[in-house]
Structure formats: structure tokens, C-alpha cells
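Chemist:
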Amino acid sequence: MRTVKIVEIENFIVFSDVHLRDPNDEITKIFLNNLDQIISNIQNKKQKIDALFLLGDIFDFITVSKKFFLNLWKDVFEKFKKLKDFGVKTYFIEGNHDFGFEHFHSKRLDQYFTDYGDFIIEFHHKKLGTVVLRHGDNVVCAPTYHKPRSFFKSYLFQKIANFFVAGWIMHFICTKYAKKSRNRGAYNALQPEFLKHCLTQYLIDYEFQFKKNLDTLIIGHIHVLLNFIYNKTNILVGPDWFSAPNYLYCDKEGSTTRIFITDKKAEHFRLNEN
């Protein structure tokens with residue numbers, strides 16, 4: 001997985017784990033309205049935003065190699081384009097429900113995003129220090145997860161699937177599977193000790209590889225609310241949108257605010273630290 005190092009960012013917004021499933025459902029309407037509000041704030045100079053980071057699983061399933069999906073979600077993509085046209089650097093990081101961004105770059109996608117794919121973003125913030133953003137599915141995971149992930153994210157697999165399987169069939173099968181998986185409550189089974197083990201290992205590996213400490217780590221995937229210092233690293237994670245529609249806003253002073261869009265709120269995940 002590649003790392004994209006970008007210039008210093010001061011004010012930015014992070015969305016993750018929206019899991020858009022149906023262009024006409026309530027979650028999609030809330031998401032579109034929220035993007036409209038952000039666009040309006042930029043137009044009216046009420047809010048300064050240098051970058052928008054889409055941290056994966058924005059869709060319950062998508063492969064952008066298929067025109068079916070780009071047409072299905074055209075209203076959402078047009079909002080991304082509008083933000084980019086206003087000068088907001090817009091980045092899409094693939095989650096485990098997003099495919100095609102890494103291997104099927106196109107002029108159409110270039111309209112919507114500054115960069116996109118299966119990557120990690122790193123930049124320096126004057127107050128937050130070294131900031132890393134990634135989806136997180138290969139951070140908080142069992143060791144056995146890495147090989148199947150590499151296979152399904154590979155160009156060969158996606159090329160074959162793109163050739164043999166129609167977009168509407170992919171949409172039907174994968175959204176049905178995602179719904180069943182969510183109903184099983186897999187994320188509710190996240191154990192504090194397992195999470196701490198995964199974070200510890202990741203931070204050790206980061207320090208060993210880059211010969212420096214990581215100041216701020218922002219991930220998604222695990223669908224829980226976290227905002228705490230762990231081994232000198234500020235860890236920021238937000239809940240999924242089925243639990244509580246939200247986004248993270250960070251400003252140039254280093255203030256990080258989790259903004260809940262509806263009356264649904266989420267409690268902080270208990271790590272049982274003593």
C-alpha cells in the first residue's frame with residue numbers, strides 16, 4: 001500500500017464509514033444535505049476548509065470501474081466535484097467496501113478527486129504534528145486478514161471481476177452481504193484488548209519504518225468513537241453513519257471537533273485503561 005505525502009494542511013474535514021446503500025434513502029439525503037451545507041459555508045466564507053478526506057466505506061459497495069456505479073451515485077460525485085472546483089483538495093481513500101479507485105484511474109474520476117486509491121495519506125500540521133489518515137481495515141485486524149485483502153484489492157482480481165460481472169449484479173450481491181454482516185453486529189464485538197494490541201503493533205512498526213513518532217492517527221473502519229492519547233499518539237475514530245451521522249473537523253489551531261449531524265450521538269468506546 002502506497003503512502004501519499006501531501007503539503008501542510010491547516011483546516012480539514014474527514015468523513016468515513018457512511019455506507020451509502022440506496023441513492024434515495026435517508027442516509028444518502030442526510031449526506032447530500034451535509035455536503036451542501038459545507039459548500040454553502042465555503043461560498044459564504046463561514047468556514048475555511050483546505051481539504052476533504054473521504055476515509056473509506058463511503059459506499060456500502062462500489063467499484064468505480066463500472067459506469068453503473070458512477071451513474072448510480074452521480075449526485076454524490078457531483079458534490080465532490082463542486083468542492084474540488086471551490087479549491088478544496090479532495091481525497092478518496094479506499095475502504096474494504098470500495099474498489100476500483102486504485103487500479104482504474106480515469107479523466108472522469110479526476111474531475112471529482114485530487115487523488116484517489118488504496119493508499120495512506122501523511123502530512124504535517126502545525127499543531128497536530130505528523131498526521132496519518134487511512135481506512136484502518138489493515139490496522140485493526142487479525143493477521144490472517146492481510147492475504148485475502150491483498151487478493152481482492154489486486155489489479156488482476158478486479159480486472160477479472162470487472163470483465164465478467166455486471167455492475168448491477170455486483171451492487172445487488174455485495175449490498176445484501178454488507179447488510180447481513182452489519183446485522184450480525186461484528187463491530188460490536190470489538191474487544192478493547194484486541195484494539196490496543198493492534199494499535200501498539202502499528203505504532204511500533206511506524207516508528208521502526210520511519211524513525212519517528214506518529215503524532216496523530218485518524219482512521220475509520222471499526223465504527224466506534226475514539227478520541228484519546230495512546231502511547232503519545234492522538235487517536236481519532238468516528239462511528240459509522242448507521243449509528244450516528246457525523247464528521248470530524250480539524251482547524252489550524254489543532255482543535256478537533258466531532259460534529260454529529262442528527263440527534264443521534266455515540267458514546268466513547270471504553271478501553272478499560274487503568
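Numbering follows the UniProt record's numbering, in which position 28 of the sequence shown is assigned residue number 28; successive positions increment by one, without gaps. C-beta atoms are modelled at their ideal positions from N, C-alpha and C, and glycine is treated no differently.
At what residue ranges does the segment 226-251 contain a whole run of the beta strand (DSSP E), taking only runs of 3 or more?
Modeler: For the segment 226-251, whole beta strand (DSSP E) runs of length 3 or above, ordered along the chain, are 226-230, 233-237, 246-250.
Chemist: Use the C-beta contact count for K179: other C-beta atoms within 10 angstroms, 16 or more gives buried, fewer gives exposed.
Modeler: K179 is exposed by the Cβ-count criterion.
Chemist: Below 7 Å CB to CB, which residues in the same chain sit around T3 once its five sequence neighbours on both sides are set aside?
Modeler: Within the same chain, T3 has close Cβ partners F119, I120, E122.
Chemist: Do K215 and N234 have their C-beta atoms within less than 8 Å of each other?
Modeler: Here residue 215 is Asp; the residue named in the question, Lys, does not match the sequence. Taking 8 Å as the Cβ cut-off, D215 and N234 qualify as a contacting pair.
Chemist: What would DSSP say about F172, mapped onto helix, strand or coil?
Modeler: Of the three classes helix, strand and coil, the one that applies to F172 here is helix, per DSSP.
Chemist: Quick check: what's the CA-CA separation for S243 versus V224?
Modeler: Those two C-alpha atoms are separated by around 9 Å.
Chemist: For A161, report the span of its beta strand (DSSP E) as first-last.
Modeler: A161 -> not in any beta strand (DSSP E); alpha helix (DSSP H) instead, spanning 155-164.
Chemist: Thinking C-beta only, is I218 closer than 8 Å to L195?
Modeler: Their beta carbons are not under 8 Å apart, which means L195 does not touch I218 by this criterion.
Chemist: What is the residue span of the alpha helix (DSSP H) that H146 lies within?
Modeler: Segment 146-152, the alpha helix (DSSP H) holding H146.
Chemist: For the alpha helix (DSSP H) that L217 lies in, which residues bound it at each end?
Modeler: Looking at the DSSP string, L217 is not in any alpha helix (DSSP H); the run it does join, the beta strand (DSSP E), is 216-219.
Chemist: Give me whichever residues DSSP pairs with Y91 in a beta bridge.
Modeler: Bridge partners of Y91: F53, D115.
Chemist: What span of residues does the alpha helix (DSSP H) with F260 cover, start to end?
Modeler: No alpha helix (DSSP H) contains F260, which is instead part of the beta strand (DSSP E) from 256-260.
Chemist: Rounded to whole angstroms, what's the CA-CA distance from Q158 to F99? Just pull it up for me.
Modeler: Each residue's Cα considered, the two are about 8 Å apart.
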